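Colleague: Using the working numbering, you'd call the opening residue of the sequence shown number 38 and step up by one each time.
Where a beta carbon is used, it is the ideal one built from N, C-alpha and C, also for glycine.
These figures come from a predicted structure and were not determined experimentally.
Structure provided below as structure tokens; questions to follow.
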Amino acid sequence: MKKLDSITDKELVLQFQSGNKQIISLLVKRWHVQFCKLAYWYVKDTDIAKDIAQESWQTILYKLPTLENPERFKSWSISIVNRKAIDWLRANKRVEGKYQKYYKENKRNILEEEQDEQQKLKNKLLKAIQKLSIEQQVVIKLFYTESYSLKEISKLLNISIGTAKSRLFHAREKLKTILKK
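Dropping the structure here:
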């Protein structure tokens with residue numbers, strides 16, 4: 038058999054149309070990467086481009102027996118890939134438009150729910166902090182609310198840095214157990 042480079046698309050298509058179904062693997066080997074690149078040019082996503090190329094091959098296989106001008110395989114198959122990519126973009130645009138419409142219509146509700154959840158979480162955290170010892174509450178407040186460093190906290194409270202670290206550590210651990218309940 039001839040080398041793949043020396044066999045024209047027309048010859049491959051004619052062999053396929055005459056019943057040699059294994060010849061399709063040569064067409065795939067020759068064109069699949071280019072189909073993927075073309076689809077990628079449209080959709081800018083590798084996985085989606087591969088899916089589009091695969092769908093295009095399904096269409097090509099289905100319609101190849103009826104291709105009247107085998108010498109036009111390249112332009113015919115590329116037009117199928119183009120159409121599949123454009124169809125995907127249109128479908129994706131519709132879906133994205135529906136998401137945007139839903140978000141616009143429900144934006145206020147979504148934001149209110151998020152704020153409610155944040156407020157509930159904040160209240161739960163504040164109640165948990167109140168269950169800590171006074172020393173731990175002070176260290177938590179200075180560290181997280183006031184953004185003091187451990188060194189600054191140790192100077193403010195007149196304790197060692199190690200004690201400040203220890204109080205912060207134990208406060209965090211106690212908060213974890215309280216919040217898990």
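Below 8 angstroms between beta carbons: does that hold for Leu187 and Ile198?
Modeller: For the purposes of this step, residue 187 is taken as the residue at position 150 of the sequence shown. For the purposes of this step, residue 198 is taken as the residue at position 161 of the sequence shown. Going by C-beta atoms, Leu187 is nearer than 8 angstroms to Ile198.
Colleague: Any chance the stretch 98-108 sits against the stretch 120-127, with 3 or more Cβ pairs inside 8 angstroms?
Modeller: Flag = no, the stretch 98-108 and the stretch 120-127 do not touch.
Colleague: State the start and end residues of the unbroken alpha helix (DSSP H) segment that holds Gln54.
Modeller: Within the sequence shown, numbered from 1, the residue matching residue 54 stands at position 17. 46-54 is the extent of the alpha helix (DSSP H) around Gln54.
Colleague: Closest to Leu163 by C-alpha separation, out of Ala208, Ser191, Leu126, would be which residue?
Modeller: Counted from its first residue, the sequence shown places residue 163 at position 126. Measuring from the Cα of Leu163, the nearest candidate turns out to be Ala208.
Colleague: Determine the direct distance from the alpha carbon of Tyr79 to that of Leu98, and round the result to whole angstroms.
Modeller: Translated into the one-based positions of the sequence shown, residue 98 becomes position 61. Translated into the one-based positions of the sequence shown, residue 79 becomes position 42. Their Cα atoms are separated by approximately 23 angstroms.
Colleague: Where Glu48 and Leu126 are concerned, what is the direct C-alpha to C-alpha distance, given to the nearest angstrom?
Modeller: Looking up residue 48 in the sequence shown gives position 11. Looking up residue 126 in the sequence shown gives position 89. One C-alpha to the other measures close to 34 angstroms.
Colleague: Should Ala76 and Ile61 be called a contact, given that it needs their Cβ atoms to be closer than 8 angstroms?
Modeller: For this step, residue 76 is matched to residue 39 along the sequence shown. For this step, residue 61 is matched to residue 24 along the sequence shown. Cβ atoms of Ala76 and Ile61: not closer than 8 angstroms.
Colleague: Leu205 and Phe180: beta carbons closer than 8 angstroms?
Modeller: For the purposes of this step, residue 205 is identified with residue 168 of the sequence shown, where counting begins at 1. For the purposes of this step, residue 180 is identified with residue 143 of the sequence shown, where counting begins at 1. Cβ atoms of Leu205 and Phe180: closer than 8 angstroms.
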